[in-house]
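Q: Would you mind keeping the following structure in view while I ask a few things?
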Amino acid sequence: MKQTRQLTALIEREGDGYVALCPELDVASQGDTIEEAKDNLVEALELFFETADPAEVRDRLHPEVYVTRLEVAVG
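The opening position of the sequence shown corresponds to residue 13 in the numbering used here, with each subsequent residue numbered one higher.
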């Protein structure tokens, strides 16, 4: 049975498509739609976990990532 892990996906519009980033591992992907970008990120992360050395996973993994909104003065 395969193990699963909860990770963060930050998805933003870039040009005509979307870029998806997993900040815990600094892995990114893209797609024409939000769903496609998310699915491609899942695929990229699964490939990373399949091929990366366990030491690389430990070195790259940032286990605590917090997503919040900030209010910043701009003028």
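Even for Gly, the Cβ is constructed at its ideal location relative to N, Cα and C.
Thinking C-alpha only, which one of T16, M13, K14, R25 is nearest E48?
A: Taking only the C-alpha atoms, the option nearest E48 is R25.
Q: Counting along the chain, where does the beta strand (DSSP E) carrying A32 start and finish?
A: 29-34 is the span of the beta strand (DSSP E), which, as asked, contains A32.
Q: Excluding the five sequence neighbours on either side, which residues of its own chain have a C-beta within less than 7 Å of the C-beta of F60, listed in chain order?
A: L37, V39, listed in sequence order.
Q: Terminal residues of the continuous beta strand (DSSP E) containing L22?
A: First-last of the beta strand (DSSP E) with L22: 22-26.
Q: With a threshold of 8 Å between beta carbons, is A67 in contact with chain E?
A: Here there is only one protein chain, and chain E is not present.
Q: With a threshold of 16 other CB atoms inside 10 Å of the CB of L22, please say whether the residue is buried or exposed.
A: It counts as exposed.
Q: Starting from V69, trace the alpha helix (DSSP H) in both directions and tell me its first and last residue.
A: Start and end: 66-72.
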